[in-house]
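Residue 99 in numbering that gives the first Met the number 0 sits at position 100 of the sequence shown, with consecutive numbering throughout.
Just so you know, even glycine gets a beta-carbon here, dropped at the ideal spot from N, CA and C.
Note that the structure is predicted; figures quoted are calculated from it, not measured.
Quick notes on the structure that follows.
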Amino acid sequence: MAEPSQKCAYCGEVRALVRSHAIPDALFKDLKASRGGSLRQIHQDLGISTTSTSGYARLLCGECEARFNRLCDHDAISAIRQSVAANGAGTCPHQTLAHFICSVLWRALESSAKIYSGYRVPQEDRERIKDVVFERCQPFDMFSFEVAMLFDGQGELGAGQLSQAIAVPYWATTTIGEKKYSIHHFIVRGVFMAALSPRVLPSLADSRYLAPNGAGLPNSVRDIRTLSSFSKIAHLAKQKAKGVKY
Numbered sequence: 000m001a002e003p004s005q006k007c008a009y010c011g012e013v014r015a016l017v018r019s020h021a022i023p024d025a026l027f028k029d030l031k032a033s034r035g036g037s038l039r040q041i042h043q044d045l046g047i048s049t050t051s052t053s054g055y056a057r058l059l060c061g062e063c064e065a066r067f068n069r070l071c072d073h074d075a076i077s078a079i080r081q082s083v084a085a086n087g088a089g090t091c092p093h094q095t096l097a098h099f100i101c102s103v104l105w106r107a108l109e110s111s112a113k114i115y116s117g118y119r120v121p122q123e124d125r126e127r128i129k130d131v132v133f134e135r136c137q138p139f140d141m142f143s144f145e146v147a148m149l150f151d152g153q154g155e156l157g158a159g160q161l162s163q164a165i166a167v168p169y170w171a172t173t174t175i176g177e178k179k180y181s182i183h184h185f186i187v188r189g190v191f192m193a194a195l196s197p198r199v200l201p202s203l204a205d206s207r208y209l210a211p212n213g214a215g216l217p218n219s220v221r222d223i224r225t226l227s228s229f230s231k232i233a234h235l236a237k238q239k240a241k242g243v244k245y
C-alpha cells in the first residue's frame, strides 16, 4: 500500500515521503549488525533504552533525502568510519562536515521520532540552523564547529567502548574564556560533533574546531567527562563491558 502524500519539510512540495533519519541510519546499522539487530540509544530526557529502530520519521521526499546524502551524509559517514577504524580521517572537507552537523540538528528538530523529542532549543538557534540547512548562509557564518574523538580521562572507559556510543542531539550552554555560548552536540560512534553560537573567537579556537578551508576530522580529543550526558554514556559503556546483551 502506497504511503499517502504529505508536505516535504525541505522542498515544501506535497509528495510521498520516505523514512528520514536525523543521525543517518547507516551509523546505527554499523552497530546493529554486530548485536543481533538491537542497540542502545541515549535520549536527552528518557535516558538509555534498548531498541531495534534508529528513530526515523517520514520527513522528506525521496529527492530531498537523496540531496542530503549527496551534500554531506555520504562523505561524513565515510570519515567517521575511517576515524573509528583508526585508518585516518580521510579528506572530507570541513564545509561538508559543518553542513552534516547542521543537517543532523535540523532533521532532529523537525523529526517526530520519540528519541529526538528531548531536543529543544532557543528559537534564535533554531533559525540559525535552518538558515544553514536551507543555504541562506554559509555554516561558518553562523557557528563554530567542534569535532573530537572522545576519551575517558580517568581511564575507566576504553576507545572500543566509546566507539559504540551514539547519543542524540543535546542543547546546553558552555563558557569559553569569559563568554557564554550555546552548544548543540551529538555523538556518533564515539565522535563528538558540535555547533556553537555565537562563533568562537579566533584567538580562542584550537585544533578541535573545523576551519572553512580545512579537511578531514581534526586530530583532537575531548574528555567524555566534560559532557552533561556523561553519566548516561558511561552507563552504556559499562554495561557493554560487563557483557550485557543489547
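Approximately 6 Å separates the beta-carbon atoms of alanine 21 and tyrosine 115; this is inside 8 Å, confirming the contact.
In the structure shown, the three-state DSSP call for glutamate 109 is helix. Beta-bridge analysis with DSSP links arginine 69 to no other residue.
Contact between proline 211 and histidine 93 holds, since their C-beta atoms are separated by about 7 Å, short of 8 Å.
Taking each of His73, Phe191 and Arg57 in turn and checking the Cα distance to serine 111, the smallest one comes out for Arg57.
Cα atoms of glycine 152 and alanine 166: separation of roughly 19 Å, rounded to the nearest angstrom.
Taking the CA atoms as reference points, glycine 159 sits about 34 Å from aspartate 124. Distances from the CA of isoleucine 79 to each of Val17, Val187, Ser102 and Asn218 were compared; the closest alpha carbon is that of Val187. Out of Arg18, Tyr55, Ile128 and Leu96, the CA that lies nearest to the CA of histidine 73 is found in Leu96. With distances taken between CA atoms, proline 3 lies nearest to Val17 out of Val17, Phe27 and Tyr9. With contacts defined as CB atoms closer than 8 Å, leucine 26 and isoleucine 76 qualify as a contacting pair. Leaving aside the five residues that flank arginine 66 on each side, the residues in its chain whose CB is nearer than 8 Å to its CB run, in chain order, Tyr9. Per DSSP, the beta-bridge partners of aspartate 222 are Phe150. Under the three-state reduction of DSSP, glutamine 122 is assigned to helix. In this structure, phenylalanine 191 sits near arginine 221, with a CB-CB distance shorter than 8 Å. Going by C-alpha positions, aspartate 130 is about 28 Å away from serine 219.
Annotation for glutamine 163: no alpha helix (DSSP H) segment contains it, and DSSP assigns it neither H nor E. Within a 10 Å sphere around the beta-carbon of serine 53 sit 16 or more other beta-carbons, which makes this residue buried.
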